[in-house]
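Enquirer:
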Amino acid sequence: MSRRDFLRSSAVGGALVVAGPIACGPAPSPEPAAPAAATVVDEFALEETTLAGLQERMTTGEWTARSVTEAYLARIEQLNLQGPALRAVLEANPDALAIADELDRERRAQGPRGPLHGVPVLLKDNIDTADRMTTTAGSLALSGWVPPEDSGVAARLRAAGAVLLGKANLSEWANFRSTRSSSGWSGRGGQCRNPYVLDRN
0 MSRRDFLRSS AVGGALVVAG PIACGPAPSP EPAAPAAATV VDEFALEETT LAGLQERMTT
60 GEWTARSVTE AYLARIEQLN LQGPALRAVL EANPDALAIA DELDRERRAQ GPRGPLHGVP
120 VLLKDNIDTA DRMTTTAGSL ALSGWVPPED SGVAARLRAA GAVLLGKANL SEWANFRSTR
180 SSSGWSGRGG QCRNPYVLDR N
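Numbering that gives the first Met the number 0 numbers the first residue of the sequence shown as 0 and each following residue consecutively.
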């Protein structure tokens, strides 16, 4: 895979790093009804999709913002602290599913806002979000800090219709603490592990 292809497929957001099986809902009905029981889809389809692919499947109703968000949350649960214990995600947004539901209602009523509508995105833990998630830059010194307002990045993502899925681990203080520190380590989250080679960061 070329660097360009890698970057293009990575544009779906940090959430795709920990993506997994996805739940499918029925084609959207004109009424704001809850999605039907979910079915499991080939996880490769989600892991290898692009923003355009996500939007196409959400437009046809094959996937919904909720089903994609549920799939990512399940995959985070499966891989982050259990299984290979990647330690890639510090916390999930407790409001992610409610946000996804609202974005699905909006899509049915008036269509998508743009290419990020309903797409789950993880933000590094040094990006302020004014919600129920904390922002600590991976440091225990900022434990419990909830910013009073969104950063410019978070505000623009919300305005574009992205689902802020959670906060990702990072090198504590964005690696400004030392020239000899391990990449991907933070006091709050521990050492991130490479999902392809678990004994490397």
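By construction, the Cβ of each residue, glycine as well, lies at the ideal position given by its N, Cα and C atoms. Just so you know, these numbers come straight off a predicted model, no measurement behind them.
Once you ignore the five residues that flank asparagine 125 on each side, which residues in its own chain have a CB closer than 6 Å to its CB?
Expert: The residue labelled residue 125 in the question sits at position 126 within the sequence shown. Counting only Cβ-Cβ distances below 6 Å, and skipping sequence neighbours, we find Ala136, Ala173.
Enquirer: Look at the Cβ atom of cysteine 68, then the Cβ atom of valine 152, and state whether they are nearer than 7 Å.
Expert: If you number the sequence shown from 1, residue 68 lands on position 69. If you number the sequence shown from 1, residue 152 lands on position 153. Reading off the sequence shown, one finds threonine at residue 68, where the question assumed cysteine. Contact flag unset, no.
Enquirer: How far does the alpha helix (DSSP H) with glutamate 90 in it reach, from first residue to last?
Expert: Here residue 90 refers to the residue found at position 91 of the sequence shown. Unbroken run through glutamate 90 is the beta strand (DSSP E), 88–91; no alpha helix (DSSP H).
Enquirer: By alpha-carbon positions, which one of Leu102, Glu90, Asn79, Gly186 ends up nearest to serine 128?
Expert: For the purposes of this step, residue 128 is taken as the residue at position 129 of the sequence shown. First, the residue type needs correcting, since residue 128 is threonine and not serine in the sequence shown. For threonine 128, the nearest C-alpha among the options comes from Glu90.
Enquirer: Starting from the C-beta of arginine 187, find all residues in its chain whose C-beta is less than 8 Å away, skip the five residues before and the five after it, and write them out in chain order.
Expert: As a working mapping, residue 187 is identified with position 188 in the sequence shown. Closer than 8 Å at Cβ, skipping near neighbours: Leu89, Asp124, Thr135, Gly137, Ser138, Leu139, Ser142, Asn168, Glu171.
Enquirer: Between leucine 85 and asparagine 92, is the Cβ-Cβ spacing less than 7 Å?
Expert: For this step, residue 85 is matched to residue 86 along the sequence shown. For this step, residue 92 is matched to residue 93 along the sequence shown. The answer is no: Cβ separation not under 7 Å.
Enquirer: Just grab the DSSP bridge partners of alanine 167 for me.
Expert: The residue you call residue 167 lines up with position 168 of the sequence shown. For alanine 167, which the question treats as bridged, DSSP gives the partners Val88, Lys123.
Enquirer: I'd like to know whether the C-beta atoms of leucine 156 and valine 120 end up nearer to each other than 7 Å.
Expert: Within the sequence shown, residue 156 is the residue found at index 157, counting from 1. Within the sequence shown, residue 120 is the residue found at index 121, counting from 1. A contact, by the Cβ cut-off of 7 Å.
Enquirer: Going by beta carbon distance, what residues of the same chain come within less than 8 Å of serine 180, once the five residues before and after it are set aside?
Expert: Indexing the sequence shown from 1 puts residue 180 at position 181. The answer, listed in chain order, is Ser170, Glu171, Asn174.
Enquirer: Return helix, strand or coil for valine 152, following the three-state DSSP convention.
Expert: As a position in the sequence shown, residue 152 is number 153, starting the count at 1. Of the three classes helix, strand and coil, the one that applies to valine 152 here is helix, per DSSP.
Enquirer: Compute every distance between the C-beta of glycine 189 and the non-hydrogen atoms of the ligand FAD, then say whether any falls below 6 Å.
Expert: In the structure on display, the ligand FAD does not appear, and there are no ligands present to speak of.
Enquirer: Of the residues Ser150, Thr178, Ala70, Ala73, which one's Cα is nearest the Cα of aspartate 130?
Expert: Working through the sequence shown from its first residue, we reach residue 130 at position 131. Here the closest residue by C-alpha is Ser150.
Enquirer: Roughly how many angstroms separate the alpha carbons of alanine 97 and glycine 160, rounded to a whole number?
Expert: Within the sequence shown, residue 97 is the residue found at index 98, counting from 1. Within the sequence shown, residue 160 is the residue found at index 161, counting from 1. Approximately 13 Å, taken between the alpha carbons.
Enquirer: Smallest Cα separation from glutamate 76: which of Gly165, Tyr195, Arg176, Gln190?
Expert: Working through the sequence shown from its first residue, we reach residue 76 at position 77. Comparing Cα positions, the closest option is Gly165.
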